[in-house]
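Student: Below you'll find the structure I mean.
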Amino acid sequence: MTTIKKLLLVILTLTLTLSLVGCHSHEVNDLSIVVGIGVDYVEGDKPIEVTLQLINPDALTMKPKGETVTQITMRGKSLHDTMRRFSQRLPKEIYLGHNQVIIFGKKLAERGITPFLDYFDRETQIRRSNWVILSKTTAKDVLNAELPIEDISTTGIDDLLYNFQRLSYGPIIRLKELVIYMRYEGRSLVVPLFKVKDNYISYYGSGVFKKDKLIGIMDDKTSRGFLWLLQSLEGGNITTFCEGSDEKATEEESDEVKNHTSFLVLNTKRKIIPKLIDGKPKVLVKIEAKSSITEYNCKDDLQDPKTITKLEQKQAEDIKYRIEETIKLAQKEFQSDIFGFGEAFRRKYPRFWKKNKKNWDDLFTNLEVEIEVKSLVTHTGITSNPVIPK
Amino acid sequence: MWKLFKKRKSKLLNNQKSEKVEIPITSDVNKTKKKIKSTFNNCSDVIYREISIGKNNLPAIIVYIDGLVKTGEINEYLIEPINRLRNIDIQDNFEETIIDVFAIADMKTISNMQEVFDLILSGEIALFIDKLRFAYVFSEKGWDSRNITEPESESTVRGPKEGFIESIRTNTALIRRRIKTPQLKMEAFKLGKLTKTDVVISYLDGVVKPSLVEEVRSRLRKIDVDSILDSNYIEEMIEDGPFSIFPTIQYTERPDKVAANILEGRIAIIVDGSPNVLLVPTILIHFLNTSDDYYESFYFAFFVRILRLFAFIIALFLPSFYIAITTFHQEMIPTKLLMSIIGGRDPVPFPSYIEALMMELAFELLREAGLRLPKTVGSAVSIVGALVIGQAAVEAGLVSPAMVIVVSVTAVASFSIPAFNLAISLRVLRFLIMTFAAILGLYGVLISMLFLVIHVVSLRSFGIPYLTPLAPFSLSDWKDYLLRFPWWQMEKRPLATETVNQVRQNEDRPNPPQKSE
Numbered sequence: 001m002t003t004i005k006k007l008l009l010v011i012l013t014l015t016l017t018l019s020l021v022g023c024h025s026h027e028v029n030d031l032s033i034v035v036g037i038g039v040d041y042v043e044g045d046k047p048i049e050v051t052l053q054l055i056n057p058d059a060l061t062m063k064p065k066g067e068t069v070t071q072i073t074m075r076g077k078s079l080h081d082t083m084r085r086f087s088q089r090l091p092k093e094i095y096l097g098h099n100q101v102i103i104f105g106k107k108l109a110e111r112g113i114t115p116f117l118d119y120f121d122r123e124t125q126i127r128r129s130n131w132v133i134l135s136k137t138t139a140k141d142v143l144n145a146e147l148p149i150e151d152i153s154t155t156g157i158d159d160l161l162y163n164f165q166r167l168s169y170g171p172i173i174r175l176k177e178l179v180i181y182m183r184y185e186g187r188s189l190v191v192p193l194f195k196v197k198d199n200y201i202s203y204y205g206s207g208v209f210k211k212d213k214l215i216g217i218m219d220d221k222t223s224r225g226f227l228w229l230l231q232s233l234e235g236g237n238i239t240t241f242c243e244g245s246d247e248k249a250t251e252e253e254s255d256e257v258k259n260h261t262s263f264l265v266l267n268t269k270r271k272i273i274p275k276l277i278d279g280k281p282k283v284l285v286k287i288e289a290k291s292s293i294t295e296y297n298c299k300d301d302l303q304d305p306k307t308i309t310k311l312e313q314k315q316a317e318d319i320k321y322r323i324e325e326t327i328k329l330a331q332k333e334f335q336s337d338i339f340g341f342g343e344a345f346r347r348k349y350p351r352f353w354k355k356n357k358k359n360w361d362d363l364f365t366n367l368e369v370e371i372e373v374k375s376l377v378t379h380t381g382i383t384s385n386p387v388i389p390k
Numbered sequence: 001m002w003k004l005f006k007k008r009k010s011k012l013l014n015n016q017k018s019e020k021v022e023i024p025i026t027s028d029v030n031k032t033k034k035k036i037k038s039t040f041n042n043c044s045d046v047i048y049r050e051i052s053i054g055k056n057n058l059p060a061i062i063v064y065i066d067g068l069v070k071t072g073e074i075n076e077y078l079i080e081p082i083n084r085l086r087n088i089d090i091q092d093n094f095e096e097t098i099i100d101v102f103a104i105a106d107m108k109t110i111s112n113m114q115e116v117f118d119l120i121l122s123g124e125i126a127l128f129i130d131k132l133r134f135a136y137v138f139s140e141k142g143w144d145s146r147n148i149t150e151p152e153s154e155s156t157v158r159g160p161k162e163g164f165i166e167s168i169r170t171n172t173a174l175i176r177r178r179i180k181t182p183q184l185k186m187e188a189f190k191l192g193k194l195t196k197t198d199v200v201i202s203y204l205d206g207v208v209k210p211s212l213v214e215e216v217r218s219r220l221r222k223i224d225v226d227s228i229l230d231s232n233y234i235e236e237m238i239e240d241g242p243f244s245i246f247p248t249i250q251y252t253e254r255p256d257k258v259a260a261n262i263l264e265g266r267i268a269i270i271v272d273g274s275p276n277v278l279l280v281p282t283i284l285i286h287f288l289n290t291s292d293d294y295y296e297s298f299y300f301a302f303f304v305r306i307l308r309l310f311a312f313i314i315a316l317f318l319p320s321f322y323i324a325i326t327t328f329h330q331e332m333i334p335t336k337l338l339m340s341i342i343g344g345r346d347p348v349p350f351p352s353y354i355e356a357l358m359m360e361l362a363f364e365l366l367r368e369a370g371l372r373l374p375k376t377v378g379s380a381v382s383i384v385g386a387l388v389i390g391q392a393a394v395e396a397g398l399v400s401p402a403m404v405i406v407v408s409v410t411a412v413a414s415f416s417i418p419a420f421n422l423a424i425s426l427r428v429l430r431f432l433i434m435t436f437a438a439i440l441g442l443y444g445v446l447i448s449m450l451f452l453v454i455h456v457v458s459l460r461s462f463g464i465p466y467l468t469p470l471a472p473f474s475l476s477d478w479k480d481y482l483l484r485f486p487w488w489q490m491e492k493r494p495l496a497t498e499t500v501n502q503v504r505q506n507e508d509r510p511n512p513p514q515k516s517e
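Quick mapping for you: the protein sequence lines, in order, are chains A and Y. No gaps in the numbering here: position 106 of the first sequence is 106 in full-length UniProt numbering, and each next residue is one more. No gaps in the numbering here: position 121 of the second sequence is 121 in full-length UniProt numbering, and each next residue is one more.
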């Protein structure tokens with residue numbers, strides 16, 4: 001082959017590959033950068049209401065003007081239809097590549113989120129790592145509210161949920177996980193839920209789904225109990241009270257500070273073992289928790305191993321109590337298998353699962369769950385006994 | 001067209017070719033004098049000194065060019081001894097008597113007039129004596145030249161502070177002083193039909209690959225041009241890949257660098273009138289190394305070399321990368337970084353590419369202006385540059401602050417590349433890649449990178465692939481080229497230069513005596 005032929009071939013190949021390139025050029029200041037999308041359901045012939053949180057470039061210059069973010073709301077027949085309608089009001093092209101959070105309103109979630117999930121799953125600009133959260137009222141409310149310190153509430157929510165993931169404050173879910181779990185058999189979704197109070201956004205708990213519909217709400221305490229069963233924890237707090245103080249009146253009611261002991265959970269191991277005893281399903285949950293003492297206000301000598309054993313027992317009791325409460329709630333109130341027990345049965349006893357798939361909800365409601373907690377207190381922080389005033 | 005052009009060119013060359021003419025020297029000194037005077041017609045710097053030798057007043061004439069010889073020494077060692085012969089009767093066979101009186105070591109007898117002319121022009125003294133059919137030529141060259149100073153373009157923190165100057169003898173002496181062995185050869189050439197420039201190739205016999213020396217010789221012999229005023233004339237003539245933007249011959253002003261490279265089996269080409277000595281063969285990595293690397297701690301040198309590689313990549317790709325990701329791939333920028341980029345870019349009315357082009361051109365202009373101006377005015381240029389480009393342009397909303405940072409980081413990176421000629425080619429290439437990036441985004445950057453790599457891999461310098469320790473992969477050469485191992489670990493010369501004698505030192509590092517048992 002001559003050099004000219006070779007050169008032509010190279011040029012031809014390169015020109016052909018040009019047609020494969022899917023992106024086109026646009027300057028950053030010709031884009032409306034979306035950082036949050038909220039979807040709500042409203043009555044009427046345009047039932048879908050989308051609220052976008054957009055970056056306001058004027059506020060980012062060296063001489064800032066106005067708020068950092070602006071919210072715009074549009075209504076339409078479908079999600080894509082509504083997104084297109086934004087161009088009626090926005091001079092710049094909408095860019096979803098930097099979206100952080102997708103928020104579903106409560107009303108919409110109760111009607112089912114599948115029809116809206118598909119758009120987000122299909123759209124090329126949306127990242128699969130977007131957080132999905134619910135609003136206790138409407139998504140619009142959450143986007144219009146603020147987070148303390150943060151200029152942009154949605155990037156604040158992003159940081160906040162990242163901390164949730166890191167320190168096990170509560171269950172969280174990303175878009176890709178949502179889409180994957182939706183396809184699972186024998187596992188219901190739990191999505192974090194936020195509320196708005198005095199124009200500030202705060203975490204409330206989690207929304208519990210059955211199929212794609214929201215059926216109930218757990219507060220943050222039960223959400224954490226749920227977390228114990230969902231995954232291995234790192235971080236997280238357990239507070240118990242000294243012997244003699246009123247055990248049942250735990251965290252919420254009393255306003256007087258009691259003599260309490262707090263533990264920081266260092267790491268946990270969790271195992272869900274499904275069993276079939278005489279054809280009847282039963283679940284054994286094994287939990288092993290290691291923790292460190294972060295606060296100790298009791299009288300017993302911490303240098304005595306017996307005290308530690310006692311504390312370990314108390315911690316185990318507390319953990320067990322929390323988990324039991326959550327399971328009770330899921331079985332009695334929601335009747336939705338958020339723990340994935342069904343999935344565990346499907347894996348271990350596929351034949352049983354095939355037969356009982358249809359009436360799993362009934363089985364779950366009456367499922368016997370045995371909980372075994374092994375607790376260890378391995379550290380006492382950097383001191384041993386607390387200060388005693390003399 | 002091309003053929004026609006070529007034909008015309010070769011015709012021209014043939015016309016210019018001058019034959020070496022043999023003009024015998026006549027025994028009549030008056031005739032000789034006439035001949036010289038007609039040759040050096042209108043040359044006011046040629047000095048004729050008529051003199052008579054001995055009792056019988058044998059006429060003689062001394063010819064030299066004023067300014068090229070040490071006049072005081074002519075008087076002392078040439079004219080005075082001749083005057084002392086005044087009382088002596090000059091016989092027919094007087095050559096021996098006369099030779100004894102000259103107190104100059106470098107003396108030759110030459111019978112070809114043309115050759116004598118050439119020698120006079122290069123600063124030697126000719127003595128014609130009546131009845132002799134040859135001339136005595138003395139070498140007592142001495143002209144004003146620059147002092148040996150520290151080379152400004154390649155200064156070091158540690159290490160010798162000597163630099164080459166414009167006089168070739170001084171330069172060869174500077175090398176010879178570093179390598180004291182008869183193996184160090186200094187082959188002389190005279191190139192340029194009118195300038196008759198002295199060119200010396202210097203190499204270490206017994207180390208250098210013989211065919212390499214032969215190649216350099218033959219390339220130099222093929223040069224047929226009327227003038228050689230700087231080493232770059234030769235560089236461009238003998239370079240492989242004459243159209244390549246990458247330099248394939250290295251130049252340096254440092255004698256220690258030349259010595260070190262000669263010891264590694266490379267060849268130095270020293271050109272009279274130029275303080276820049278050429279080194280062949282050259283690979284890309286040579287341009288990224290400095291002599292400081294060998295004089296400082298090897299940890300530091302190691303670090304700096306890696307840093308320079310990064311600088312190389314930044315100087316070439318940073319602006320194009322910035323253009324590509326801000327105009328095509330916004331999703332690649334972390335959200336919070338994007339916020340600050342948007343904030344800066346919001347008031348800017350131009351596309352990123354135009355913005356980058358403006359800034360880069362403004363920077364190149366400032367650099368060029370600063371380079372050509374006298375040093376005292378040069379600082380004024382940099383003040384204007386810093387104020388206008390750095391601050392005013394951003395405040396006026398013509399340029400975004402992020403772009404200022406990108407351009408200045410690129411500038412700093414390109415300044416930290418030690419070889420000026422490589423930095424120039426990177427600058428030109430940068431504009432090209434920026435255009436690709438503006439049209440096609442990162443895909444364009446990749447395409448240009450592809451072309452660049454294809455080109456660079458195809459380059460050779462005197463038979464050695466340009467990307468040597470990388471492209472024909474040779475891990476042992478990384479010791480000295482890419483990284484910098486301690487001296488006691490570099491037992492062999494680089495493999496790239498294919499030296500005949502590879503061993504540099506024994507394998508043992510000088511150690512304190514080991515305790516027996």
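Backbone N, C-alpha and C define an ideal beta-carbon position, used for all residues, glycine too.
Near glutamine 502 of chain Y, what residues of its chain come up, given a Cβ to Cβ distance below 8 Å and the 5 sequence neighbours on each side ignored?
Tutor: Counting only Cβ-Cβ distances below 8 Å, and skipping sequence neighbours, we find Lys492, Arg493, Leu495.
Student: Taking threonine 380 of chain A as the reference, give the member of A/Lys390, A/Tyr349, A/Leu266, A/Arg322 with the closest Cα.
Tutor: Checking every option, the nearest Cα to that of threonine 380 of chain A belongs to A/Leu266.
Student: Name, going along the chain, the residues of the region 89-105 of chain A whose beta-carbon falls closer than 8 Å to a beta-carbon of chain Y.
Tutor: For the region 89-105 of chain A, which is checked against every Cβ of chain Y, the residues closer than 8 Å are Tyr95, Gly97, His98, Gln100.
Student: List the residues that DSSP assigns as beta-bridge partners of residue 402 of chain A.
Tutor: Outside the shown range of chain A (1 to 390) lies residue 402 of chain A, about which nothing can therefore be said.
Student: Give the interface partners of residue 406 of chain A over in chain Y, defined as CB-CB distance under 7 Å, in chain order.
Tutor: The displayed coordinates of chain A run from 1 to 390. Any statement about residue 406 of chain A would go beyond what the structure contains.
Student: From which residue to which residue does the alpha helix (DSSP H) around tyrosine 119 of chain A run?
Tutor: Residues 114-122.
Student: Alpha helix (DSSP H) containing glycine 38 of chain A: first to last residue?
Tutor: Element bounds for glycine 38 of chain A: not the alpha helix (DSSP H) but the beta strand (DSSP E), 31-41.
Student: Where does glutamine 231 of chain A land, buried or exposed, given buried means 16+ other C-beta within 10 angstroms?
Tutor: Exposed.
Student: Which bits of chain A does glutamate 331 of chain Y rub up against, with CB to CB less than 8 Å?
Tutor: The contacting residues are Gly97, His98, Gln125, Arg127.
Student: Which whole runs of the beta strand (DSSP E) in the region 250-334 of chain Y are 3 residues long or more, in chain order?
Tutor: Runs of the beta strand (DSSP E) inside the region 250-334 of chain Y: 250-252, 267-271, 277-280.
Student: On the criterion of 16 or more Cβ atoms from any shown chain inside 10 Å, does leucine 8 of chain A qualify as buried, or is it exposed?
Tutor: Under this definition leucine 8 of chain A is an exposed residue.
Student: I need the boundaries of the alpha helix (DSSP H) containing tyrosine 162 of chain A, first residue and last residue.
Tutor: 153-167 is the span of the alpha helix (DSSP H), which, as asked, contains tyrosine 162 of chain A.
Student: If I measure Cβ to Cβ from phenylalanine 138 of chain Y and keep anything under 6 Å in the same chain, skipping five residues before and after, which residues do I get?
Tutor: Taken in chain order, the residues that qualify are Ile104, Met107, Ile125.
Student: Look up glycine 216 of chain A in the DSSP assignment and say whether it is helix, strand or coil.
Tutor: The answer is strand: DSSP assigns glycine 216 of chain A an E or B state.
Student: Under 8 Å, with one C-beta from each stretch per pair, do the region 100-113 of chain A and the region 208-221 of chain A reach the 3-pair mark?
Tutor: Cβ pair count under 8 Å is three or more, so yes.
Student: Does glutamine 114 of chain Y come out as helix, strand or coil in the three-state DSSP assignment?
Tutor: Correct three-state label for glutamine 114 of chain Y: helix.
Student: Would serine 375 of chain A and leucine 302 of chain A qualify as a contact pair, given that the criterion is a beta-carbon distance under 7 Å?
Tutor: No, they are not a contact pair.
Student: Measure the alpha-carbon distance for glycine 123 of chain Y versus glycine 142 of chain Y and round it to whole angstroms.
Tutor: Those two C-alpha atoms are separated by around 8 Å.
Student: Would the region 315-332 of chain Y and the region 277-284 of chain Y be scored as touching if the rule is three or more Cβ pairs under 8 Å?
Tutor: Flag = no, the region 315-332 of chain Y and the region 277-284 of chain Y do not touch.
Student: Can you tell me where the alpha helix (DSSP H) holding proline 386 of chain A begins and where it ends?
Tutor: Where proline 386 of chain A is concerned, there is no enclosing alpha helix (DSSP H), given that its DSSP letter is neither H nor E.
Student: Taking the beta strand (DSSP E) that threonine 73 of chain A falls in, what are its first and last residues?
Tutor: First-last of the beta strand (DSSP E) with threonine 73 of chain A: 69-76.
Student: If you count every other CB in all the chains shown that lies within 10 Å of the CB of proline 91 of chain A, and 16 or more means buried, which is it?
Tutor: With fewer than 16 Cβ atoms within 10 Å of its Cβ, proline 91 of chain A is classed as exposed.
Student: Check whether the region 447-467 of chain Y touches the region 247-258 of chain Y, counting contact only when three or more Cβ pairs, one atom from each stretch, lie closer than 8 Å.
Tutor: Enough Cβ pairs lie closer than 8 Å, so yes.
Student: Report the rounded CA-to-CA distance for threonine 326 of chain Y versus leucine 338 of chain Y, giving the unit in angstroms.
Tutor: Roughly 9 Å separates the two Cα atoms.
Student: Return the residue from the list A/Thr2, A/Asp198, A/Asp304 that minimises the CA-CA distance to glutamate 146 of chain A.
Tutor: Glutamate 146 of chain A has its Cα closest to that of A/Asp198, out of A/Thr2, A/Asp198, A/Asp304.
Student: Are there 16 or more other CB atoms within 10 angstroms of the CB of glutamate 49 of chain A, so buried, or fewer, so exposed?
Tutor: That one is buried.
Student: Which same chain residues end up closer than 8 Å to isoleucine 382 of chain A when comparing Cβ atoms and leaving out the 5 residues on each side of it in sequence?
Tutor: Here the set comprises nothing.
Student: In the region 422-453 of chain Y, which residues sit with their C-beta less than 7 Å from some C-beta in chain A, listed in chain order?
Tutor: Listed in sequence order: Leu440, Gly441, Tyr443, Ile447.
Student: Who are the Cβ neighbours of leucine 373 of chain Y in its own chain at under 7 Å, not counting the five residues just before and after it?
Tutor: For leucine 373 of chain Y, where only same-chain residues beyond five positions count, the Cβ hits under 7 Å are Val381.
Student: Please find out if some non-hydrogen atom of the ligand SAM comes closer than 6 Å to the beta-carbon of aspartate 304 of chain A.
Tutor: This structure lacks the ligand SAM; in fact it carries no ligand of any kind.
Student: Beta-carbon of glutamate 27 of chain A versus every beta-carbon of chain Y: anything under 7 Å?
Tutor: Closer than 7 Å to some Cβ of chain Y, the Cβ of glutamate 27 of chain A qualifies, so yes.
Student: For a contact defined as C-beta to C-beta under 9 Å, what are the partners of aspartate 198 of chain Y on chain A?
Tutor: Result: empty, since nearest Cβ-Cβ is about 41 Å, beyond 9 Å.
Student: Express the C-alpha separation of lysine 479 of chain Y and threonine 155 of chain A in angstroms, rounding to a whole number.
Tutor: Approximately 48 Å between the Cα atoms of the pair.
Student: For glutamate 96 of chain Y, does the three-state DSSP call read helix, strand or coil?
Tutor: It is helical.
Student: Residues of chain Y with a CB under 8 Å from the CB of leucine 14 of chain A: which are they?
Tutor: Within 8 Å Cβ-Cβ: Ile447.
Student: Pairs of beta-carbons, one from the region 24-33 of chain A and one from the region 115-123 of chain A, closer than 8 Å: are there three or more?
Tutor: Short answer: they don't touch.
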